[in-house]
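What follows is the structure, encoded as structure tokens:
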């Protein structure tokens, strides 16, 4: 299938290493944040979310960190695997319930 | 449980022709979104429905795009007439309520030639 990430910033990591993907947002009123994973030819898939009253949330192999002071969000993937290769998007929602996406980062995992 | 279902998966049309996309959201989800995703970019919201009401369509090019969700369940997005610049992936998503976790369909890849 055609890649969705031809012109996106790319992060290349070795299999087994940890990955950190960053996202800056601009709307200080955003109160809910989601990380999505998008593989080629597929729709975005939910990974993890966090509300603005938290600064950290952990899932299976993934952790999201939220720094509201500098409007920064990060996704940490532990022990990155080849199946993690995809484009990752952060998305935010404010009180108006608009789900707005950031520009995305392409993660490439080298075996 | 079935996820968000979209059809068709692919569509190739000549410019100036009409085209329609269909979306069936997850059962019970009141909020439905249509997004457009250009190659190498993140999805951009076109329209959001709360049940059958379009509550945010500010990004929908109303001269050629239209959408409906008549019974508050499935939805169609139409382009008439299509232009070359409309080539993109059109994604549908749904959530239980606005501002909640949204689930996406596979998308419809439109190519206008």
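Protein chains in written order, with the working numbering: chain S, 27 to 137; chain W, 4 to 116.
Beta carbons are placed, not taken as given, at the ideal position from N, Cα and C, and that holds for glycine.
Computed from a predicted structure; not experimentally measured.
Residue i, enclosing beta strand (DSSP E) - first and last residue
i	result
residue 101(S)	98 to 103
residue 84(S)	82 to 84
residue 114(W)	111 to 115
Backbone CA spacing between residue i and residue j [nearest angstrom]
i	j	result
residue 59(W)	residue 134(S)	35 Å
residue 27(S)	residue 111(W)	Caution is warranted here: a pLDDT of 35 is assigned to residue 27(S), below 50, making its placement in the model unreliable, and the coordinate value is therefore given only provisionally. Cα to Cα, residue 27(S) sits roughly 13 Å from residue 111(W).
residue 69(S)	residue 46(W)	10 Å
residue 76(S)	residue 83(W)	39 Å
residue 117(S)	residue 63(S)	11 Å
residue 60(S)	residue 86(W)	32 Å
residue 120(S)	residue 116(W)	38 Å
residue 9(W)	residue 85(S)	29 Å
residue 58(S)	residue 90(S)	12 Å
residue 31(S)	residue 113(S)	The pLDDT assigned to residue 31(S) is 42, lower than 50, so where the model puts this residue is not dependable; a value taken from the coordinates is nonetheless given after this. So the two alpha carbons sit approximately 6 Å from each other.
residue 40(W)	residue 18(W)	19 Å
residue 99(W)	residue 128(S)	22 Å
residue 27(W)	residue 107(W)	11 Å
residue 88(S)	residue 103(S)	5 Å
residue 72(S)	residue 137(S)	25 Å
residue 101(S)	residue 75(W)	35 Å
residue 51(W)	residue 20(W)	25 Å
residue 93(S)	residue 47(S)	14 Å
residue 54(W)	residue 131(S)	33 Å
residue 70(W)	residue 79(W)	6 Å
residue 7(W)	residue 63(W)	21 Å
residue 49(S)	residue 79(S)	18 Å
residue 101(W)	residue 14(W)	29 Å
Contact set between residue i and chain S, taken where Cβ atoms lie within less than 9 Å
i	result
residue 64(W)	In chain order: nothing, as chain S lies at least about 17 Å away.
residue 51(W)	123, 124 and 125
residue 107(W)	62, 64, 68, 69, 70, 71 and 72
Chain S contact residues for residue i, given Cβ-Cβ distances below 7 Å
i	result
residue 94(W)	69
residue 36(W)	125
Cross-strand partners of residue i (DSSP beta bridge)
i	result
residue 44(S)	Bridge partners of residue 44(S): none, in fact.
residue 93(S)	98(S)
residue 133(S)	37(S) and 112(S)
residue 14(W)	113(W)
residue 23(W)	81(W)
residue 90(W)	In DSSP, residue 90(W) forms no bridge with anything.
residue 117(S)	60(S) and 127(S)
residue 88(S)	103(S)
residue 3(W)	The shown model of chain W, from 4 to 116, leaves out residue 3(W), and the question about it has no answer.
residue 96(W)	36(W) and 107(W)
Amino acids of chain W, ordered along the chain, whose beta-carbon sits closer than 8 Å to that of residue i
i	result
residue 115(S)	45 and 46
Within chain W, the residues that residue i reaches when beta carbons sit closer than 7 Å
i	result
residue 119(S)	102
residue 58(S)	102
Proximal residues of chain S, C-beta to C-beta of residue i below 8 Å
i	result
residue 110(W)	68 and 69
residue 77(W)	None at all; the shortest Cβ gap to chain S is about 17 Å.
Amino acids of chain W, ordered along the chain, whose beta-carbon sits closer than 9 Å to that of residue i
i	result
residue 130(S)	43, 44 and 45
residue 92(S)	The contacting residues do not exist; residue 92(S) stays about 16 Å from chain W at best.
Quiz prompt | Any beta strand (DSSP E) of 3 or more consecutive residues that is wholly inside the segment 27 to 88 of chain W | solution = 34 to 40, 47 to 53, 56 to 59, 68 to 71 and 78 to 82
Exercise. Would you list, in sequence order, the uninterrupted beta strand (DSSP E) runs of no fewer than 3 residues that lie entirely inside the segment 46 to 72 of chain S?
Key: 58 to 64
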